[in-house]
């Protein structure tokens with residue numbers, strides 16, 4: 001520290017700072033010179049009456065008068081007109097709220113970043129409601145900062161919920177609020193004194209700027225500003241303020257006890273208290289007019305109970321906010337000069353005496369001031385306000401406009417649009433698109449919700465340009481929000497909840513697997529019916545071959561089945577698109593002659609050319625009402641099979657690929673290579689229709705089979721066609 005007269009020539013413009021306290025108003029003029037803070041002039045005037053209580057203005061006009069007196073003194077000393085000022089709000093007015101807030105999610109949609117922002121805004125609003133409820137007051141607050149502790153999806157903690165799916169999302173956060181009235185009253189009082197606020201911060205932030213060395217801010221330190229009515233606390237850790245607090249007892253507690261013990265009025269007791277750290281003997285006149293003389297030790301003994309009360313309350317406040325004793329305590333403010341207070345506080349916190357220290361302006365680094373400046377620890381905060389304003393690149397408080405509404409923001413960090421929306425209590429529901437009206441129905445007794453469409457998300461503009469909730473904001477920015485919209489209501493058809501398209505094909509006819517459809521108890525035969533809220537839908541599903549044949553009365557018990565060409569039983573499950581074959585047993589459905597009919601093997605084009613072979617359908621059984629088959633009932637399909645012409649005669653109106661194996665001799669169970677099935681030059685599908693003129697190949701590819709298994713096969717194996725590519 002260096003004391004000297006500041007230079008007049010080449011001096012940078014001075015900045016005016018005010019510390020508006022409960023007992024007094026301190027004003028300073030200063031400037032920066034080669035990175036050092038120079039105090040040019042200072043003035044301090046006490047309030048003549050109690051215009052402020054606990055750091056909050058109660059009589060704006062009286063406070064404005066004192067501010068004006070300080071301004072006039074500094075104008076006289078500096079010979080300049082003052083029109084702009086920097087100020088600070090008391091930290092004692094800050095309130096901290098910890099809150100968990102939960103919202104419901106759409107399980108079908110991944111969580112978006114917009115939903116995360118919406119959740120935070122809702123949580124901040126709820127934190128403010130909780131604060132007002134706890135304090136039982138209707139005070140409006142600035143949110144001066146918040147930190148997310150963690151998020152959770154369905155109870156599981158996640159770092160970033162975006163992209164996750166779940167039913168519920170939760171945020172756990174801590175938010176700090178400053179009463180709007182505190183800021184507004186300061187602005188009004190200053191304005192009445194003819195000054196404009198160009199910079200505003202918080203008193204604890206300003207005090208830490210100069211009272212706590214930068215290299216010590218990483219430590220867990222408690223800074224206590226012991227004033228007249230309150231002791232304001234700020235706890236630092238890892239370079240930032242982690243908590244604010246206040247004790248409702250301070251210097252006045254000691255003054256009142258001294259007045260009671262020595263029969264003095266309050267002002268006389270206050271003057272006597274302030275001399276305790278400067279004189280050994282004290283002469284004063286009590287309220288009866290008698291002259292009194294006492295030593296400092298005698299007076300300290302009398303006020304020791306009050307000192308212990310103040311120390312105990314401060315210690316309790318520190319422990320409550322910090323959760324444990326801090327590494328050190330720095331005391332500032334006029335009340336910190338009371339002899340014995342630092343020692344009593346150290347004992348309460350179980351800290352060594354050297355860990356509790358009073359900070360004087362003489363201990364501030366890079367500070368130059370006039371030797372006649374008569375300020376002690378009470379000068380730390382105004383010096384901090386001045387330095388903070390001089391070195392700050394931007395205001396701690398600035399104004400922006402949200403949908404035409406002015407809002408004042410407190411900037412201790414990077415601020416973005418979502419912070420401005422929180423400040424004006426913008427409804428977060430207006431940011432996220434909403435679904436149109438859904439339709440709730442029951443399907444076979446189970447509740448089902450058919451969701452409406454999503455609307456359009458909110459459109460955010462910053463100074464006329466498209467922006468988002470994370471866009472950074474600055475002084476004078478204009479924010480416009482076009483609210484999100486609701487989507488179209490759901491128009492749901494019955495077929496959306498009933499899989500009526502499920503069918504199984506039998507004897508060339510597609511038959512539904514979904515039957516007995518009902519709507520609100522009434523039978524319906526179509527599924528394109530518009531559903532209404534609360535409708536009850538019912539239907540039955542034919543799950544098995546047995547169910548299917550029984551419902552459609554297709555056969556008795558004396559039958560064999562194939563599904564997609566494979567042997568099946570009555571218990572075989574059917575899927576949509578399946579082909580069911582019902583094969584009546586020979587004893588019941590065929591005559592002896594018919595039973596002799598066997599599938600005919602088609603000509604092998606690799607051996608020789610043959611004439612077209614005709615395959616006739618089996619003769620009808622002579623038992624139980626034999627059906628007479630006429631020539632007109634016979635369908636003929638002329639195809640190319642493995643390169644040779646083949647005619648299939650059948651009573652079936654339609655023929656599909658899988659049916660071929662009933663008419664050709666090809667044993668699929670005797671694997672002799674890779675099975676190749678082609679239909680008109682393309683890989684065959686079992687359910688594809690076969691028409692006259694189609695070209696069909698069915699053979700074992702031994703080349704591929706041998707390459708993969710090491711086997712070799714004959715090109716012409718008995719009963720099956722085996723083939724190498726030719």
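In the UniProt record's numbering, the protein residues as written are 1 to 726.
All C-beta atoms in this analysis are idealised placements derived from N, C-alpha and C, irrespective of residue type, glycine included.
All values reported here derive from a predicted model rather than from experimental measurement.
*Inter-residue CB distance, residue 168 and residue 104 (contact presumed, cutoff 8 Å)*: Locating residue 168 in the chain shown gives position 168, counting from the first residue. Locating residue 104 in the chain shown gives position 104, counting from the first residue. 6 Å between Cβ atoms; contact.
| request: Give me the Cβ distance between residue 287 and residue 264, rounded to the nearest whole Å; I'm assuming they're in contact under 8 Å. | output: Within the chain shown, numbered from 1, the residue matching residue 287 stands at position 287. Within the chain shown, numbered from 1, the residue matching residue 264 stands at position 264. Going by Cβ atoms, the distance from residue 287 to residue 264 rounds to 6 Å, so yes, they are a contact pair.
**Report entry** Within 8 Å, strictly: CB atoms of residue 415 and residue 460
**Finding:** Taking the first residue of the chain shown as 1, we reach residue 415 at position 415. Taking the first residue of the chain shown as 1, we reach residue 460 at position 460. It is not a contact, given that the beta carbons lie outside the stated cut-off.
Q. Going by other Cβ atoms of all chains shown within 10 Å of its Cβ, with 16 needed for buried, is residue 526 buried or exposed?
A. Taking the chain shown and counting its residues from 1, one reaches residue 526 at position 526. With fewer than 16 other Cβ atoms within 10 Å, it is exposed.
Look at the alpha carbon of residue 457 and the alpha carbon of residue 579, and state the distance between them as a whole number of angstroms. The residue given as residue 457 occupies position 457 in the chain shown. The residue given as residue 579 occupies position 579 in the chain shown. Cα to Cα, the separation comes out at about 49 Å.
Between the CA atoms of residue 649 and residue 686 - distance to the nearest angstrom: Counting from one through the chain shown, the residue named residue 686 turns up at place 686. Counting from one through the chain shown, the residue named residue 649 turns up at place 649. Roughly 19 Å separates the two Cα atoms.
message: How far does the alpha helix (DSSP H) with residue 274 in it extend, from its first residue to its last?
response: For the purposes of this step, residue 274 is taken as the residue at position 274 of the chain shown. Taken as a continuous stretch (DSSP letters only), the alpha helix (DSSP H) holding residue 274 covers 266-274.
Exercise. Pick out whichever of 478, 489 and 471 has its Cα sitting closest to the Cα of residue 435.
Key: On the chain shown, residue 435 is found 435 positions in, with the first residue counted as 1. Of the listed residues, the one whose Cα sits closest to residue 435 is 489.
Beta carbon of residue 195 nearer than 8 Å to that of residue 85: Your numbering for residue 195 matches position 195 in the chain shown. Your numbering for residue 85 matches position 85 in the chain shown. Cβ distance < 8 Å, so residue 195 and residue 85 count as in contact.
_residue 172 beta carbon less than 8 Å from that of residue 149_ = Walking along the chain shown from the start, residue 149 turns up at place 149. Walking along the chain shown from the start, residue 172 turns up at place 172. For residue 149 and residue 172, yes; Cβs fall inside 8 Å.
On the CB-based measure, 16 or more other CB atoms within 10 Å of its CB, does residue 283 come out buried or exposed? Residue numbering aside, residue 283 sits at position 283 when the chain shown is read from its first letter. Residue 283 comes out exposed.
Q) Any idea if residue 419 is buried or exposed, counting beta-carbon neighbours within 10 angstroms, 16 or more meaning buried? A) Here residue 419 refers to the residue found at position 419 of the chain shown. Buried, because 16 or more other Cβ atoms sit within 10 Å of the Cβ of residue 419.
Close-in-space but distant-in-sequence residues of the same chain around residue 583 (CB under 8 Å, 5 per side omitted) | As a first step, residue 583 must be located in the chain shown, where it is residue number 583. Result list for residue 583: 559, 560, 561 and 562, in chain order.
Inset, instruction - For residue 616, name the three-state secondary structure that DSSP assigns. - result: Taking the chain shown and counting its residues from 1, one reaches residue 616 at position 616. Caution applies to residue 616, whose pLDDT of 40 falls short of 50 and renders its modelled position unreliable; the model cannot decide the point.
| query | Can you tell which of 24, 18, 500 and 28 has its C-alpha closest to the C-alpha of residue 369? | reply | To locate residue 369, count along the chain shown from 1; it is residue 369. Nearest C-alpha to residue 369: 28.
Looking only at DSSP bridge pairs, what is residue 231 linked to?
-> Here residue 231 refers to the residue found at position 231 when the chain shown is read from its first residue. Looking at the DSSP assignment, residue 231 forms a beta bridge with 226 and 247.
Contact belief for residue 570 with residue 541 at Cβ below 8 Å, rounded distance in angstroms
Within the chain shown, the letter at position 570 stands for residue 570. Within the chain shown, the letter at position 541 stands for residue 541. That pair is no contact at about 16 Å.
Does the distance from the CB of residue 698 to the CB of residue 642 come in under 8 Å? For this step, residue 698 is matched to residue 698 along the chain shown. For this step, residue 642 is matched to residue 642 along the chain shown. Result yes, Cβ atoms of residue 698 and residue 642 sit closer than 8 Å.
Practice problem: Could you tell me whether the Cβ atoms of residue 727 and residue 426 are closer together than 8 Å? | Solution: Residue 727 lies beyond the stretch modelled for the chain, which goes from 1 to 726, so this question has no answer here.
Sequence-distant residues of its chain with Cβ nearer than 6 Å to residue 247 (five each side left out): Taking the first residue of the chain shown as 1, we reach residue 247 at position 247. The residues are 231, 313, 314 and 317.
Need the endpoints of the alpha helix (DSSP H) that residue 187 sits in, please. Taking the first residue of the chain shown as 1, we reach residue 187 at position 187. Note, residue 187: alpha helix (DSSP H), 180-192.
>> Do residue 387 and residue 205 have their beta-carbon atoms positioned less than 8 Å apart in this structure?
In response: In the chain shown, counting from the first residue as 1, residue 205 sits at position 205. In the chain shown, counting from the first residue as 1, residue 387 sits at position 387. Contact: no.
Tell me the residue span of the alpha helix (DSSP H) that contains residue 124. As a first step, residue 124 must be located in the chain shown, where it is residue number 124. Taken as a continuous stretch (DSSP letters only), the alpha helix (DSSP H) holding residue 124 covers 113-135.
Short check: CB of residue 70 to CB of residue 38, under 8 Å?
Within the chain shown, numbered from 1, the residue matching residue 70 stands at position 70. Within the chain shown, numbered from 1, the residue matching residue 38 stands at position 38. Against a cut-off of 8 Å, the Cβ pair of residue 38 and residue 70 comes out as no contact.
Which of the three DSSP states is assigned to residue 451 in this structure? Along the chain shown, one-based indexing puts residue 451 at 451. Looking at residue 451 - three-state DSSP - the assignment turns out to be coil, as it is neither helix nor strand.
Answer with buried or exposed for residue 118, where buried requires no fewer than 16 other C-beta atoms within 10 angstroms of its C-beta. In the chain shown, residue 118 corresponds to position 118, counting from 1. Per the 10 Å Cβ criterion, buried.
**Asked** Given residue 382, which residues of its chain have a CB within under 6 Å of its CB, disregarding the five upstream and five downstream residues?
**Response** As a position in the chain shown, residue 382 is number 382, starting the count at 1. 17, 19, 26 and 28.
Where residue 80 sits in the DSSP three-state scheme:
Start at 1 with the first residue of the chain shown, and residue 80 comes out as number 80. Correct three-state label for residue 80: coil.
> Alpha carbon to alpha carbon, what distance is there between residue 307 and residue 343?
Replying inline: Counting from one through the chain shown, the residue named residue 343 turns up at place 343. Counting from one through the chain shown, the residue named residue 307 turns up at place 307. Between residue 343 and residue 307, the C-alpha separation is close to 10 Å.
- The alpha helix (DSSP H) enclosing residue 296, as first and last residue numbers: Reading the chain shown from its first residue, position 296 is the one you call residue 296. Note, residue 296: alpha helix (DSSP H), 296-322.
For residue 463 and residue 424, what's the separation of their Cα atoms in angstroms? Locating residue 463 in the chain shown gives position 463, where the first residue counts as 1. Locating residue 424 in the chain shown gives position 424, where the first residue counts as 1. Roughly 18 Å separates the two Cα atoms.
I'd like the span of the alpha helix (DSSP H) that includes residue 504, first residue to last. As a working mapping, residue 504 is identified with position 504 in the chain shown. Per DSSP, residue 504 belongs to no alpha helix (DSSP H); it is in the beta strand (DSSP E), 503-506.
Point to revise | Candidates 106, 373 and 95, of which the one nearest residue 177 by Cα | key: Counting from one through the chain shown, the residue named residue 177 turns up at place 177. Cα-wise, what sits closest to residue 177 is 95.
Cβ-based burial, residue 612 [other Cβ within 10 Å; buried from 16]: If you number the chain shown from 1, residue 612 lands on position 612. Note on residue 612: pLDDT 31, under 50, position unreliable in the model; the coordinate value appears next. By the 10 Å Cβ count, residue 612 comes out exposed.
Worksheet item: Can you name the start and end residues of the alpha helix (DSSP H) that residue 107 belongs to?
Response: Your numbering for residue 107 matches position 107 in the chain shown. Run containing residue 107: none; DSSP gives neither H nor E here.
**Item:** Inter-residue Cα distance where the pair is residue 663 and residue 682
**Value:** On the chain shown, residue 663 is found 663 positions in, with the first residue counted as 1. On the chain shown, residue 682 is found 682 positions in, with the first residue counted as 1. Straight-line Cα distance between these residues: approximately 21 Å.
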